[in-house]
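Q: This is the structure I want to talk about, given as structure tokens.
Residue numbers (the working numbering), protein chains in the order written: chain A, 67 to 236; chain B, 484 to 590.
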């Protein structure tokens with residue numbers, strides 16, 4: 067493991083997955099239907115999350131609707147090229163507020179590539195973590211905090227394994 | 484763990500300290516350079532740096548007689564680690580949704 071500052075700050079997270087679906091459908095489920103798979107505990111609202119939304123245009127908002135009727139913005143669309151690619155800014159501050167300044171936000175790019183047999187490879191890159199500044203440490207600490215995004219992974223894994231059950235968590 | 488998180492949030496709660504962190508985003512810097520243009524004394528800057536260091540938001544090293552401060556790289560490494568795990572799980576959820584024969588919206 068290399069731990070020099072320059073290397074660590076600029077290494078993006080890259081993930082790929084191949085799905086049995088056309089490029090059009092993969093893009094649509096990822097964006098228009100993001101609510102069908104987005105982890106329910108992954109939001110920055112004060113009340114539980116009701117719905118996840120990505121507005122399908124450059125400049126569109128990425129936000130969640132909360133059960134108390136408020137909206138929580140967490141990003142915006144930087145590039146929109148259906149069905150092959152989109153980029154969103156990840157606009158969350160270390161204290162879990164919306165970050166209006168794009169220069170202090172990281173970016174997520176998702177690309178959809180047909181690989182034959184009606185399948186699509188989805189390549190995701192989350193980059194520019196260093197733009198979150200030193201607040202990144204606090205962000206991580208907040209994630210580990212019982213009041214933060216904690217428990218998301220186990221909760222979500224349970225949800226995924228019981229995918230036939232329709233969401234009635236409360 | 485919680486105490487470290489608390490000390491970090493507290494460290495970030497001060498606008499001068501946020502300004503210092505902002506400057507350090509451009510790269511490692513000696514105290515003198517960090518203090519330039521700030522409306523507080525150099526000892527006060529050192530005091531703020533101590534708080535940031537205790538909260539593990541910055542690290543320092545000696546360079547001759549000067550001390551050089553920089554953002555703690557571990558901060559980014561651990562955030563990156565978190566997203567690495569998050570996206571791994573999220574993409575599996577996405578795969579299940581996209582391959583499900585009868586995709587539901589909410590309910």
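Yeah, the Cβ is synthetic: ideal placement off N, Cα and C, and Gly gets one too.
1. Output, in sequence order along the chain, the residues in the segment 78 to 111 of chain A whose CB is closer than 7 angstroms to any CB in chain B.
2. Give me the residue from A/176, A/106, A/121 with the minimum Cα distance to residue 149 of chain A.
3. Residues in the segment 173 to 199 of chain A with C-beta within 9 angstroms of chain B's C-beta atoms, listed in sequence order?
4. The segment 555 to 571 of chain B: which residues have C-beta closer than 9 angstroms to a C-beta of chain A, in chain order?
5. Assign residue 498 of chain B to buried or exposed, taking buried as 16 or more other Cβ atoms, counted over all protein chains shown, within 10 Å of its Cβ.
6. Are the C-beta atoms of residue 521 of chain B and some chain A residue less than 7 angstroms apart?
7. Within 7 angstroms of any Cβ in chain A, is that where the Cβ of residue 574 of chain B sits?
8. Mark residue 133 of chain A as exposed unless 16 or more other C-beta atoms lie within 10 angstroms of its C-beta, in which case mark it buried.
9. According to DSSP, is residue 126 of chain A part of a helix, a strand, or is it coil?
10. Taking 7 angstroms as the CB-CB cut-off, is residue 514 of chain B touching chain E?
11. Does DSSP classify residue 540 of chain B as helix, strand or coil?
12. Contact between the segment 152 to 172 of chain A and the segment 546 to 556 of chain B: three or more CB pairs below 8 angstroms?
13. Note down, one range per segment and in chain order, each alpha helix (DSSP H) of at least 4 residues found wholly within the segment 73 to 98 of chain A.
14. Can you find a CB in chain A that lies within less than 7 angstroms of the CB of residue 580 of chain B?
15. Report back the beta-carbon spacing between residue 81 of chain A and residue 571 of chain B to the nearest angstrom; my notes put them in contact at under 8 angstroms.
16. Does the beta-carbon of residue 112 of chain A have 16 or more other beta-carbons within 10 angstroms, so that it is buried, or is it exposed?
A: Checking against the coordinates, here is how it stands:
1. 79, 81, 83, 85, 86, 87, 91, 92, 95, 96, 99, 101, 102, 103, 105
2. A/176
3. 174, 186, 188, 190, 192, 195, 196, 197, 198, 199
4. 555, 556, 557, 558, 559, 560, 561, 562, 563, 564, 565, 566, 567, 568, 569, 570, 571
5. exposed
6. no
7. yes
8. exposed
9. coil
10. In the structure shown, chain E does not exist; the protein chains are A and B.
11. coil
12. no
13. 89 to 97
14. yes
15. 6 angstroms
16. exposed
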